[in-house]
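Student: The working numbering puts the first residue of the sequence shown at 2, with every later residue one more than the last. Just passing along the structure, written as structure tokens.
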Amino acid sequence: MKKSSSVSGFYKLNPKERLAFVKEFAGLSDEECLLLQNTGSLPLDLADHMIENVVGAFPLPLGMGVNFLINQQDYLIPMAIEEPSVVAAASNAAKMVRKGGGFHTSSTPPIMIGQIQAVGMKDADAAKLRVLKAKGEILKKANEQDPVLASVGGGAIDLDARVIHTSLGAMLITELHVDCRDAMGANAVNTMAEAVAPLIERITGGRVYLRIISNLATERLARAWCTVPKDAVGGEDVVHGIVSASAFAAADPYRAATHNKGALNGIIAVVLATGNDHRAIEAGAHAYAALKGHYTSLSVWEKNGNGDLLGSIELPMAVGLIGGAVRTHPIANIAIKILGVKTANEFAEVLAAVGLAQNLGALRALVQEGIQRGHMSLHARNIAVAAGATEELIDLVAETMVKERKIRVDRARELIKELGSTRR
Ligand code: MEV
């Protein structure tokens, strides 16, 4: 019989009832259902309140990036990620950077932009002038929505208006600039944008459609930079290789996408571990990389007069320490405690440093041995475990498979037999 995924009231069921439906639909075994509902440190009822249609939770490994010295302060970096080598590469790069005095960082105030789209005005330029003139009234209306934010020194602080020319004619985009303090800010900004929309319609005579935050957070930037002594990074040739990799990424969008992905590997792992919105960070990072009209790299690596490596990165960083999953997810709370950051700005700067470290780790491996060696040894360990190796046999089997360049479960099984018997 043909199965249907069309269910009315699925959301009204509890997680167990929903899972019964999924079990039937997908032919899951009892063990598979148990695995789904074994949600560990994220209790099922909590997960059920976080999103819709919950049937379980999805655990990821949580690793610790070590060796990070940022503005002369030591940090441990919690990283949630499925990809092998990322945590090791970040820690290794942070160790090299430490030899040059660690990372230095800065950031702009935590200002997000909320956009209100008005269409259908007779004269969009005249409407723009009227919106700018009503700035005080619009900001007042916006700030009435969030007295708490205002009480901690945040709130809507400025307004801009732009006429854009689209395939459907002129539109007026009013932009609220909102200081979100320690929140990521999407809720505050979206509430404000929705609240001022009727006012914008009255002032412009147009029709408002979209009222939403922009993830291109150009007013909320984080920067990190560092000097890496040439000997710490592997010598003059490695410095030269990294500088030329940087020039490659700056000039070529195909390379820049991967170069930036390398930096985001680290940033997103921390963003995930802390329950922040990683899609917002990725959207912002890539849009920022393309802001000058062509997509380019977010970081730059150069050589100084000493022959040492100088690296820097700048990108939007809309992260928070309050609100959403940051507070509700028990592991996110612990991750923030481990990080020890006190403000969203400090957090954003640490993330920029992590991105720069991750980028350095990837480039150093790429210009030297390539990334497959590191990847392969972790991959081989996974295969050894899957084949049934335990304890010290895991490393022995993995190392042998890497040496032989035969990383397969059948070979791992043979090796478990061979090496296991010689060890008895
Ligand atoms: C892999 O996840 C990330 C790298 O491809 C980044 C890079 O190429 O710079 C290694």
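Cβ coordinates follow ideal geometry from the N, Cα and C atoms, glycine included.
Which first and last residues belong to the beta strand (DSSP E) in which F69 is found?
Tutor: L63 to I71
Student: Rounded to a whole number of angstroms, what is the C-alpha to C-alpha distance between A151 and E176?
Tutor: Across the structure, A151 and E176 are spaced so that their CA atoms are roughly 18 Å apart.
Student: Quick check on this structure: which residue in A21, G371 and N191 has the alpha carbon closest to the alpha carbon of V56?
Tutor: A21
Student: Leaving out five residues before and five after R163 in sequence, what residues of the same chain have Cβ atoms less than 6 Å from its Cβ?
Tutor: These residues qualify, in order along the chain: I174.
Student: Which runs of the beta strand (DSSP E), 3 residues or longer, sit entirely within the stretch 62-134?
Tutor: Qualifying beta strand (DSSP E) stretches, in chain order: 63-71, 74-81, 105-108 and 112-120.
Student: Hey, would you say the C-beta of I372 is under 7 Å away from at least one heavy atom of ligand 1?
Tutor: yes
Student: State buried or exposed for G267, treating a residue as buried only when at least 16 other CB atoms are found within 10 Å of its CB.
Tutor: buried
Student: Whole angstroms is fine: what's the gap from M193's alpha carbon to Q146's?
Tutor: 6 Å
Student: By Cβ distance below 8 Å, which residues in the same chain neighbour L292 in space, the five residues on each side in sequence not counted?
Tutor: L217 and T219
Student: Quick one: is I165 buried, meaning 16 or more other Cβ sit within 10 Å of its Cβ, or exposed?
Tutor: exposed
Student: Quick check for students: name the residue ranges of the alpha helix (DSSP H) that lie wholly in the stretch 225-272, counting only runs of 4 or more.
Tutor: 231-234 and 237-252
Student: Taking the DSSP output, what are the residues bridged to T167?
Tutor: G170
Student: Should the stretch 276-284 be regarded as contacting the stretch 234-250, the criterion being three or more beta carbon pairs within less than 8 Å?
Tutor: no
Student: Please give the ranges of any alpha helix (DSSP H) in the stretch 302-336, keeping only runs that are unbroken, at least 4 residues long and fully inside the region.
Tutor: 326-329
Student: Name the DSSP beta bridge partners of H178, please?
Tutor: I114 and D159
Student: Quick check: P111 and D159, are their CB atoms within less than 8 Å of each other?
Tutor: no
Student: With a threshold of 7 Å (Cβ to nearest heavy atom), would T259 be considered close to ligand 1?
Tutor: yes
Student: Determine, using beta carbons only, whether I417 and A381 come nearer to each other than 8 Å.
Tutor: Result no, Cβ atoms of I417 and A381 do not sit closer than 8 Å.
Student: Judging by CA-CA distance, which residue of V88, M113, N261 and F69 is the nearest neighbour of G102?
Tutor: F69
Student: To the nearest angstrom, how far is it from the Cα of T167 to the Cα of Q116?
Tutor: For T167 and Q116, the gap between their C-alpha atoms comes out near 16 Å.
Student: Kindly examine ligand 1 and report whether one of its heavy atoms sits closer than 7 Å to the Cβ of V367.
Tutor: In the sequence under discussion, the amino acid at residue 367 is Leu, which differs from the Val named in the question. Checking the Cβ of L367 against ligand 1 gives yes.
Student: Taking the Cβ atom as the reference point for each residue, do F348 and L316 lie within a distance shorter than 8 Å?
Tutor: no
Student: Quick one, are the C-beta atoms of I384 and V410 less than 8 Å apart?
Tutor: yes
Student: Count Cβ pairs between the stretch 332-348 and the stretch 290-305 that sit closer than 8 Å; are there 3 or more?
Tutor: no
Student: Just to check my reading of the structure: A353 and T106 have Cβ atoms closer than 8 Å, yes? What is that Cβ distance to the nearest angstrom?
Tutor: Right, their Cβ atoms sit about 6 Å apart.
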